[in-house]
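**Student:**
There are 6 protein chains.
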Amino acid sequence: MNEKINEFRDYRKRMNEKILEKDNLVIKRIFNLDTNTYKEGALSLKTKELIGLTTSLVLRCDDCVKYHLEQCADLKISTEEIMEAMSVSNLVGGTIVIPHLRRAVEYWEILHE
Amino acid sequence: MNEKINEFRDYRKRMNEKILEKDNLVIKRIFNLDTNTYKEGALSLKTKELIGLTTSLVLRCDDCVKYHLEQCADLKISTEEIMEAMSVSNLVGGTIVIPHLRRAVEYWEILHE
Amino acid sequence: MNEKINEFRDYRKRMNEKILEKDNLVIKRIFNLDTNTYKEGALSLKTKELIGLTTSLVLRCDDCVKYHLEQCADLKISTEEIMEAMSVSNLVGGTIVIPHLRRAVEYWEILHE
Amino acid sequence: MNEKINEFRDYRKRMNEKILEKDNLVIKRIFNLDTNTYKEGALSLKTKELIGLTTSLVLRCDDCVKYHLEQCADLKISTEEIMEAMSVSNLVGGTIVIPHLRRAVEYWEILHE
Amino acid sequence: MNEKINEFRDYRKRMNEKILEKDNLVIKRIFNLDTNTYKEGALSLKTKELIGLTTSLVLRCDDCVKYHLEQCADLKISTEEIMEAMSVSNLVGGTIVIPHLRRAVEYWEILHE
Amino acid sequence: MNEKINEFRDYRKRMNEKILEKDNLVIKRIFNLDTNTYKEGALSLKTKELIGLTTSLVLRCDDCVKYHLEQCADLKISTEEIMEAMSVSNLVGGTIVIPHLRRAVEYWEILHE
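Chains as they are written, first to last, in our numbering: chain C, 879 to 991; chain F, 879 to 991; chain S, 879 to 991; chain U, 879 to 991; chain E, 879 to 991; chain P, 879 to 991.
1) Count the other CB atoms, across all protein chains shown, that sit within 10 Å of the CB of S922 of chain C; report buried if there are 16 or more and exposed otherwise.
2) Report the neighbours of E987 of chain C on chain P: residues whose CB is nearer than 9 Å to its CB, in chain order.
3) May I ask you to report which of helix, strand or coil DSSP gives C942 of chain F?
4) Residues of chain C with CB closer than 9 Å to the CB of V983 of chain E, please, in chain order.
5) Would you kindly work out how many angstroms separate the C-alpha atoms of F886 of chain S and K924 of chain S, rounded to a whole number?
6) Cβ closer than 7 Å: which chain F residues qualify as neighbours of T973 of chain U?
7) Could you check if K926 of chain F is buried or exposed, using at least 16 other CB atoms within 10 Å of its CB as the buried criterion?
8) Three Cβ pairs or more, each shorter than 8 Å: is that satisfied between the segment 903 to 910 of chain P and the segment 903 to 920 of chain F?
9) For S934 of chain F, tell me which candidate among F:L979, F:L989, F:F909 has the shortest Cα-Cα distance.
10) Is the beta carbon of V970 of chain C closer than 8 Å to that of T973 of chain U?
11) Distance check for E959 of chain U and L947 of chain U, CA to CA, integer angstroms please.
12) From the DSSP output, in three-state form, read off G972 of chain E for me.
13) Report yes if the CB atom of I955 of chain F is closer than 8 Å to the CB atom of I883 of chain F, and no otherwise.
14) Any C-beta of chain E sitting closer than 8 Å to the C-beta of L931 of chain P?
15) If you compare alpha carbons, which of C:L911, C:M961, C:Y945 is closest to L900 of chain P?
16) Quick one: give me the first and last residue of the alpha helix (DSSP H) that G919 of chain E is part of.
17) Over what stretch of residues does the alpha helix (DSSP H) that includes I883 of chain C continue unbroken?
18) What are the residues in the segment 954 to 973 of chain U lying within 7 Å of chain C by C-beta distance?
19) Just tell me which of U:L898, U:V983, U:N910 has its CA closest to the CA of D940 of chain U.
20) Output, in chain order, the set of chain P residues within a Cβ distance shorter than 8 Å of S934 of chain E.
21) On a CA-only basis, which of C:A951, C:E991, C:L953, C:T932 is nearest S967 of chain C? Give me that one, please.
22) Alpha carbon to alpha carbon, what distance is there between W986 of chain F and K944 of chain F?
23) If the cut is a Cβ gap below 8 Å, which residues of chain C does T915 of chain S touch?
24) In whole angstroms, give me the CA-to-CA distance for C950 of chain F and R938 of chain C.
25) Leaving out five residues before and five after V936 of chain P in sequence, what residues of the same chain have Cβ atoms less than 6 Å from its Cβ?
26) For L947 of chain C, decide whether its Cβ has a neighbour in chain E, counting only Cβ atoms nearer than 8 Å.
27) Against L979 of chain U, what residues of chain F qualify as contacts under a CB-to-CB distance less than 7 Å, listed in chain order?
28) Is it true that the CB of L928 of chain S sits closer than 8 Å to the CB of A963 of chain S?
29) Alpha carbons only, please: which of P:L898, P:K896, P:T957, P:N894 is nearest the one belonging to H990 of chain P?
30) From this set, P:S965, P:R981, P:P977, which residue's C-alpha is nearest A920 of chain U's C-alpha?
31) Could you tell me whether any Cβ in chain F is nearer than 8 Å to the Cβ of D888 of chain S?
32) How many Å lie between D952 of chain U and R981 of chain P at the Cα?
This is the structure we're talking about:
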């Protein structure tokens, strides 16, 4: 596995544990809800992950984008579909989104190496 | 047709015409691109409209949300699917999204009267 | 009770009910969490409401600001304290916050009539 | 003078007075700084007002946009220049800016009636 | 003192000096106001720093969060209080805040090593 | 040429190529429009670049700020003008903009070494 992926996952895992150790009930429930939201339901898991990806992109959160790209890769969503989803974010969010799009495409490629 | 829908559509139509009359090339191309983005492609039109809706919701733009709700209603997307899509926006964007969710649900009901 | 307060509360109450009727689990849990966060804990309820107010103000959500102003009024937080809290939001968030500050001060006065 | 302009100006003036009456030093200094920033300097007042306008537009603050449109009208900035400035905001900020562009163009026309 | 803290402080100090050397009056006054806002007043300094922290967190500015965490550590605010304050930001701002929460908790721990 | 400038330009160039290779029509048209917006017109190129810079700064996108600083340096815009433009962004966007201002001033100095 690529080093950048490992680094990203390790940091997220390690810090999530640190956060949960603090035992704040509200934060623990938000984390728990986060896990339970991205599930098959009236909408397919694929659609929900694409929504997670595109909302993260317009809000310009690189780490959130990376996380959802990982989930999308696991679901075998195609590059063409990912680009089409991200093109909507780019249109809605404007050129300010482009630097985040660069890092998203870079990470998407790393995930497929 | 409900008065609120007509009012919203009339204002949008009238002001879009005013804007395009100003003949600014960049704005005209953005408007044109906006029309051409929400089309069947690698992703279904339905998925793209849901992305348009959910990104608009996390960015908290009531008018954009209303517009995409109209498109979603035309595509016969169910209330359950809309609520599930908007629940992701609510989770990602936080409780600050809730006032916009209220207005979204209100408009969704008006569209189905 | 002032008409503007009633109108605001009625709409919020009515639409919250509509939203909860849709029976989306994620949204219901976010609403539930929202209710449970603003409670006496390591921080006083007063401090938490001031945090709710000031974060809502920098995110420029008028309805959220109004809601927290109501809670602050119930807690007998003084006008001087409210202005001091909102001055931090104004500094952090910049002059773009000022139109929301105007509406906040207007609502604060209505709450004390 | 058009009624909408008067209404906007009266509310702003009245609420600014209310805010300043509260005598919060930080807020008073921000208001004072706001007045002193838009002045001829290394950049022309016209350029600074265009920056005030376009930054307000990407941050999607209708009242701030209206205020700067008033200043731009006073400075006899042409409609073509205003549209060109706002086209940059539209590109940078994306289609989410469009509803605010509609209200900006509407107000610009009212200012020239 | 930990290297990460020193690095952060040195860069901030060095660049603040560079900025102030440019001798722009507006920026100098904003910096001055920033220093003068976080002072004991109608609200305690502790409450104001918590407001600085939580507004910075919902606006997702890592450097601003770090700065206010430093001030909070100096004021001996407890970890439980910090987590409770940040939990409000997490609820209000949504899961998009979580990556910034990770970096905040990491820095908080570094400050207490 | 300074290493930091090269690194920034190389990454942008390389990733832009990767993105365009994906051949998504909407994204290609946004990139094309981005190139075509910053041109002499009713407003001077200098004014448009200053608008690009200041809107990027209030939206707090470091890479966009860097890009426009490069263009401003090419246009021989003076440090005093740049600081005055950025002071408006700082006022409008608040102290949350300051960490981005630090990085902007750092990059501006690197561009002039």
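Here a beta-carbon is modelled for each residue, glycine too, at the ideal position from N, C-alpha and C.
**Tutor:** Judging by the given coordinates:
1) Against the first sequence, residue 922 of chain C aligns to sequence position 44. When all chains shown are included, S922 of chain C counts as exposed.
2) Counted from its first residue, the first sequence places residue 987 of chain C at position 109. Residues of chain P passing the Cβ test: K896.
3) On the second sequence, residue 942 of chain F is found 64 positions in, with the first residue counted as 1. Looking at C942 of chain F - three-state DSSP - the assignment turns out to be helix.
4) Here residue 983 of chain E corresponds to residue number 105 of the fifth sequence, with the count starting at 1. In chain order: M893, K896, I897, K900.
5) Position 8 of the third sequence holds residue 886 of chain S. Position 46 of the third sequence holds residue 924 of chain S. Going by the C-alpha atoms only, they are around 22 Å apart.
6) As a first step, residue 973 of chain U must be located in the fourth sequence, where it is residue number 95. Going along chain F in sequence order, the residues near T973 of chain U (Cβ under 7 Å) are I908, D912.
7) Looking up residue 926 of chain F in the second sequence gives position 48. By the 10 Å Cβ count, K926 of chain F comes out buried.
8) yes
9) By 1-based counting over the second sequence, the position of residue 934 of chain F is 56. Cα-wise, what sits closest to S934 of chain F is F:L979.
10) On the fourth sequence, residue 973 of chain U is found 95 positions in, with the first residue counted as 1. On the first sequence, residue 970 of chain C is found 92 positions in, with the first residue counted as 1. Contact: yes.
11) As a working note, residue 947 of chain U is residue 69 in the fourth sequence. As a working note, residue 959 of chain U is residue 81 in the fourth sequence. Going from the Cα of L947 of chain U to the Cα of E959 of chain U covers about 12 Å.
12) The residue labelled residue 972 of chain E in the question sits at position 94 within the fifth sequence. Looking at G972 of chain E - three-state DSSP - the assignment turns out to be coil, as it is neither helix nor strand.
13) Reading the second sequence from its first residue, position 77 is the one you call residue 955 of chain F. Reading the second sequence from its first residue, position 5 is the one you call residue 883 of chain F. No, Cβ-Cβ distance for I955 of chain F and I883 of chain F is not below 8 Å.
14) Numbered from its first residue, the sixth sequence carries residue 931 of chain P at position 53. Taking Cβ atoms only, chain E never reaches closer than 8 Å to L931 of chain P, which makes this a no.
15) The residue you call residue 900 of chain P lines up with position 22 of the sixth sequence. The question names Leu, yet the displayed sequence has Lys at residue 900 of chain P. If we check each option's Cα against that of K900 of chain P, C:M961 comes out closest.
16) Residue numbering aside, residue 919 of chain E sits at position 41 when the fifth sequence is read from its first letter. Per DSSP, G919 of chain E belongs to no alpha helix (DSSP H) and is neither H nor E.
17) Residue mapping note: residue 883 of chain C aligns to position 5 of the first sequence, counting from 1. 881 to 899 is the extent of the alpha helix (DSSP H) around I883 of chain C.
18) L969, V970, G971, G972, T973
19) For this step, residue 940 of chain U is matched to residue 62 along the fourth sequence. Comparing Cα-Cα distances from D940 of chain U to each of U:L898, U:V983, U:N910, the minimum goes to U:V983.
20) The count along the fifth sequence starts at 1 and reaches residue 934 of chain E at position 56. Under the 8 Å cutoff, chain P gives I974.
21) In the first sequence, the residue the question calls residue 967 of chain C occupies position 89. When only C-alpha atoms are compared, the closest one is C:T932.
22) Within the second sequence, the letter at position 66 stands for residue 944 of chain F. Within the second sequence, the letter at position 108 stands for residue 986 of chain F. Cα-Cα distance, rounded: 8 Å.
23) By 1-based counting over the third sequence, the position of residue 915 of chain S is 37. By Cβ distance, chain C contributes V904.
24) The count along the second sequence starts at 1 and reaches residue 950 of chain F at position 72. The count along the first sequence starts at 1 and reaches residue 938 of chain C at position 60. Near 25 Å, if we compare the C-alpha coordinates of R938 of chain C and C950 of chain F.
25) The residue given as residue 936 of chain P occupies position 58 in the sixth sequence. Result list for V936 of chain P: S967, V970, G971, in chain order.
26) Here residue 947 of chain C refers to the residue found at position 69 of the first sequence. By this cut-off, L947 of chain C is not an interface position.
27) As a first step, residue 979 of chain U must be located in the fourth sequence, where it is residue number 101. Neighbours of L979 of chain U on chain F, chain order: I897.
28) In the third sequence, residue 963 of chain S corresponds to position 85, counting from 1. In the third sequence, residue 928 of chain S corresponds to position 50, counting from 1. Yes.
29) Counted from its first residue, the sixth sequence places residue 990 of chain P at position 112. Per the Cα distances, P:T957.
30) Numbered from 1 along the fourth sequence, position 42 holds the residue referred to as residue 920 of chain U. With distances taken between Cα atoms, A920 of chain U lies closest to P:S965.
31) For the purposes of this step, residue 888 of chain S is identified with residue 10 of the third sequence, where counting begins at 1. Answer no: the Cβ-Cβ gap between D888 of chain S and chain F never drops below 8 Å.
32) Locating residue 952 of chain U in the fourth sequence gives position 74, counting from the first residue. Locating residue 981 of chain P in the sixth sequence gives position 103, counting from the first residue. Roughly 35 Å separates the two Cα atoms.
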